[in-house]
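K.L.:
Attaching a single structure in structure tokens format; questions to follow.
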Amino acid sequence: MLQQSSIALNKNGQYDWQDYTYPPELDLGVVNQKLGQADAQTLVKWGYETFKEGLVMSTSFGIQAAVMLHLATSVVPNIPVIWIDTGYLPAETYRFAEELIERLKLNLKVYQSSISPARMEALYGRLWAEKDVDALNRYDQIRKVEPMERALKELRATGWLAGLRGDQTKHRQGLPRIGKQSGVYKILPILSWNARDIYQYLTAHDLPYHPFFDLGYTTVGDWHSSRPLTVDDVDERDTRFHGLKQECGLHLPKTEGESQSLDSSLL
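Position 156, counted from 1, in the sequence shown is what my numbering calls 161; the numbers after and before it change by one each time, with no gaps.
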């Protein structure tokens, strides 16, 4: 990164490009104060105006994936879309992905673990079947976290759009709309949305839910660690990872410094 000069927000809540070198160093407290109430599309526009070709987005092609994919590509049609293919996704997810890839003309970037599913199972066993948090964390690190970190690095991402919602887990409820993870600024345009907002957006734009929605799923990941919602579930993510945890690691702070930054940027 080149020498940084002074940074200031203009009247539109955007950083003036002439004031600093690229990529920017943002004051997350100031940015969240200025943009905390902005609508989702405005936040996507701000992300592109701020990070330009450094802006990427991630998708799991999950239950509500069509919302963020449509929202982001409506503003930035050629945005790189990172998909971490674990090799254990349901067949319906792969078919759903093909439908959205074709319909939205996605600039898809597929990343996978450097170790194949068969090799992983031969060396470490079926980690998800142990129903142990440490084993699940190891599985997620191998199949999800490492490929995502590699994707962000290879694509030279400086801004990252993700479709997290605050009502999904307690951790996500505490996230700021704009934060930082793995050295990349993370933007969450639909953080304040609820299930009704999702439904209304999908309906307004004639977009589909994942096929598993009709089977009672509110979230879906790998076939071996996802199940339909029941009356006993408190959060929708309780249906993942055998109820032992709610996050796969893709959206968790990686360092103590990032955790402190997260705490200090909450509004």
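Glycine residues also receive a C-beta, built at the ideal position from the N, C-alpha and C atoms.
Every value quoted in this text rests on a predicted model; they were computed, and no experiment measured them.
Which complete alpha helix (DSSP H) runs does the stretch 161 to 220 hold, if anything under 4 residues is left out?
P.N.:
Fully enclosed alpha helix (DSSP H) runs of 4 or longer: 175 to 178, 200 to 209.
K.L.:
Taking the alpha helix (DSSP H) that W133 belongs to, which residues open and close that run?
P.N.:
Within the sequence shown, residue 133 is the residue found at index 128, counting from 1. Run containing W133: none; DSSP gives neither H nor E here.
K.L.:
Quick check: what's the CA-CA separation for D172 versus S197?
P.N.:
As a position in the sequence shown, residue 172 is number 167, starting the count at 1. As a position in the sequence shown, residue 197 is number 192, starting the count at 1. In a straight line, the C-alpha of D172 is about 8 Å away from that of S197.
K.L.:
Where does the unbroken alpha helix (DSSP H) through T91 begin, and where does it stop?
P.N.:
Walking along the sequence shown from the start, residue 91 turns up at place 86. T91 -> no alpha helix (DSSP H), and no H or E assigned at all.
K.L.:
Between T78 and the rest of its own chain, which residues show a CB-CB distance below 6 Å, the 5 nearest in sequence each way excluded?
P.N.:
Here residue 78 is taken as the residue at index 73 of the sequence shown, counted from 1. Only L109 meet the Cβ criterion.
K.L.:
By how many angstroms is the C-alpha of T64 removed from the C-alpha of A102?
P.N.:
Taking the sequence shown and counting its residues from 1, one reaches residue 102 at position 97. Taking the sequence shown and counting its residues from 1, one reaches residue 64 at position 59. If you take the alpha carbons of A102 and T64, they lie about 10 Å apart.
K.L.:
Using a 10 Å radius around the Cβ and a threshold of 16 neighbouring Cβ atoms, would you call V145 buried or exposed?
P.N.:
Locating residue 145 in the sequence shown gives position 140, counting from the first residue. A small correction: the amino acid at residue 145 is Asp; Val does not occupy that position in the sequence shown. The residue in question, D145, is buried, as its Cβ has 16 or more Cβ neighbours within 10 Å.
K.L.:
Using CA coordinates, which residue listed in R148, Y206, A123 is at the minimum distance from Y116?
P.N.:
Position 111 of the sequence shown, counted from the start, is the residue given in the question as residue 116. The candidate whose alpha carbon is nearest that of Y116 is R148.
K.L.:
Rounding to the nearest angstrom, what Cα-Cα distance links E154 and Q42 in this structure?
P.N.:
The sequence position of residue 154 within the sequence shown is 149, counting from 1. The sequence position of residue 42 within the sequence shown is 37, counting from 1. Straight-line Cα distance between these residues: approximately 29 Å.
K.L.:
Leaving out five residues on either side along the sequence, give the residues of the same chain with a beta carbon under 6 Å from the beta carbon of Q69.
P.N.:
Numbered from 1 along the sequence shown, position 64 holds the residue referred to as residue 69. Result list for Q69: I203, in chain order.
K.L.:
Taking just the CA atoms, how far does I84 sit from K50?
P.N.:
Within the sequence shown, residue 50 is the residue found at index 45, counting from 1. Within the sequence shown, residue 84 is the residue found at index 79, counting from 1. Approximately 12 Å between the Cα atoms of the pair.
K.L.:
Leaving out five residues before and five after L220 in sequence, what residues of the same chain have Cβ atoms less than 7 Å from its Cβ?
P.N.:
Taking the sequence shown and counting its residues from 1, the one referred to as residue 220 is at position 215. Taken in chain order, the residues that qualify are P233.
K.L.:
With a threshold of 8 Å between beta carbons, is P213 in contact with chain C?
P.N.:
In the structure shown, chain C cannot be found, because there is only a single protein chain.
K.L.:
According to DSSP, is K110 part of a helix, a strand, or is it coil?
P.N.:
The residue you call residue 110 lines up with position 105 of the sequence shown. Coil.
K.L.:
Determine whether the beta carbon atoms of L33 and I183 lie at a separation below 8 Å.
P.N.:
Indexing the sequence shown from 1 puts residue 33 at position 28. Indexing the sequence shown from 1 puts residue 183 at position 178. Closer than 8 Å, so yes.
K.L.:
Looking only at its chain, what residues have a beta carbon closer than 6 Å to the beta carbon of G92, apart from the 5 residues adjacent to it on each side?
P.N.:
Here residue 92 refers to the residue found at position 87 when the sequence shown is read from its first residue. Answer for G92: P122, listed in chain order.
K.L.:
Within 10 angstroms of its Cβ, does H210 collect 16 or more other Cβ (buried), or is it exposed?
P.N.:
Here residue 210 corresponds to residue number 205 of the sequence shown, with the count starting at 1. Exposed.
K.L.:
How many angstroms separate the CA atom of L207 from the CA atom of A71?
P.N.:
As a first step, residue 207 must be located in the sequence shown, where it is residue number 202. As a first step, residue 71 must be located in the sequence shown, where it is residue number 66. Going from the Cα of L207 to the Cα of A71 covers about 7 Å.
K.L.:
With a cut-off of 8 Å on the beta carbons, I'd call A156 and V189 a contact; round off their distance for me.
P.N.:
Here residue 156 corresponds to residue number 151 of the sequence shown, with the count starting at 1. Here residue 189 corresponds to residue number 184 of the sequence shown, with the count starting at 1. About 10 Å separates the two Cβ atoms, so there is no contact after all.
K.L.:
By a C-beta neighbour count over all protein chains shown, 10 Å radius and 16 as the cutoff for buried, is P152 buried or exposed?
P.N.:
Position 147 of the sequence shown, counted from the first residue, corresponds to residue 152. Buried.
K.L.:
Using the three-state DSSP reduction, which class does L76 fall into: helix, strand or coil?
P.N.:
Position 71 of the sequence shown, counting from 1, holds the residue named residue 76. If DSSP states are grouped into helix, strand and coil, L76 belongs with the helices.
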